[in-house]
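Chemist:
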Amino acid sequence: MSRLLISLASLKGGVGKTTSAIHIAGHLSEKGRGGVAVVDRDRTRSATSWSRSGNLPFFVGTQDAAFKRADEFTTLVIDSRGGLENEELQEMAEASDFLLLPTNVEYMSLDAMAQTAEALGAMGNRAFGVLFTMARPGKRLDTARRVLEELGLPVLNATVRASEAFKDASEQSLLVRDVKTNKLAHKCWEDYGEVVQELFGRMEANA
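Going by UniProt numbering, the residue at position 181 of the sequence shown is 181; the numbering climbs one at a time, nothing skipped.
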């Protein structure tokens, strides 16, 4: 099985980057992608904190820890640090099979996303896409999608709903599929299933 590298980046915190990394890794593990690792490069170490109970079905650790066990992994999901410079983003995009840029519909998030994605697009790299997280169906989401698409940015059709189930999952150190305290937990898990399916489709198109 060939090695797969998916990276996640954002200029602004609080847009679901770590949540996305954890649940993309969860789906890849479920699909039998061999050894799956989330490489926690964020200063906050949110992914490492999420995994503290050892209940996740994949490895989570720092870059150094993952490097020491590199032979065990065929799939890497990188939870990058925030505030990357354009050059660093481009290097990450070039090293990755896909660079995913989570955002929400807030103006400041969209502004940061436009700057990030435009910089990548200007450098000729199309192996990236924008993912709307914490999404609620309605005019704000439709408008936000239209704004980014009019800028020529690749926006995933899949979105991830806003739900306290993700907070419950983090607090319980679980994947959201395993949360028993929120009736939307399974739907939230399915959202990321659609994200992963679309990622593979886009990677095939970019190959």
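All C-beta atoms, glycine included, are put in the ideal place defined by N, C-alpha and C. Quick caveat: nothing in here was measured; it's all calculated off a predicted structure.
1. Which same chain residues end up closer than 7 Å to H186 when comparing Cβ atoms and leaving out the 5 residues on each side of it in sequence?
2. Output the residue ranges of the alpha helix (DSSP H) runs that lie fully inside the stretch 148-200 and measure 4 residues or longer, sorted by chain position.
3. Which of helix, strand or coil does DSSP assign to L11?
4. Exposed or buried, which one is G26 when buried takes at least 16 other CB atoms within 10 Å?
5. What is the residue span of the beta strand (DSSP E) that G129 lies within?
6. How far does the alpha helix (DSSP H) with T44 in it extend, from its first residue to its last?
7. What distance in whole Å lies between the Cβ atoms of K167 and P102, which are believed to be in contact at a cut-off of 8 Å?
8. Helix, strand or coil for F67, going by three-state DSSP, please let me know.
9. Considering only residues of the same chain and omitting the five flanking positions on each side of N55, which have a CB-CB separation below 6 Å?
10. Would you call the CB atoms of A144 and R161 closer than 8 Å?
11. Is the beta carbon of S2 closer than 8 Å to that of T133?
12. Measure from the alpha carbon of G32 to the alpha carbon of each residue in F58, R45, E149, then state which is nearest.
13. Which residues in the same chain have their Cβ closer than 6 Å to the Cβ of residue 253, if we skip the five residues on either side of it in sequence?
14. Run through DSSP, which three-state label would D79 get?
15. Could you check which residue in V130, L84, L156 has the C-alpha nearest to that of L110?
16. Which stretch, first to last residue, makes up the beta strand (DSSP E) that contains T103?
17. Taking 8 Å as the threshold (C-beta atoms), are D42 and V60 in contact?
18. Around the Cβ of T44, are there at least 16 other Cβ atoms within 10 angstroms (buried) or fewer (exposed)?
19. Where DSSP assigns a beta bridge to G61, which residues make up the other side?
Modeler: According to the structure data:
1. R177
2. 164-171
3. coil
4. buried
5. 128-135
6. Neither: T44 is in no alpha helix (DSSP H) and is coded neither H nor E.
7. Not really, about 16 Å apart at Cβ, beyond 8 Å.
8. helix
9. S173, L174
10. no
11. no
12. F58
13. Look at the range of the chain in this structure, 1 to 207, and you will see that residue 253 is not part of it.
14. strand
15. V130
16. 98-103
17. no
18. exposed
19. V39
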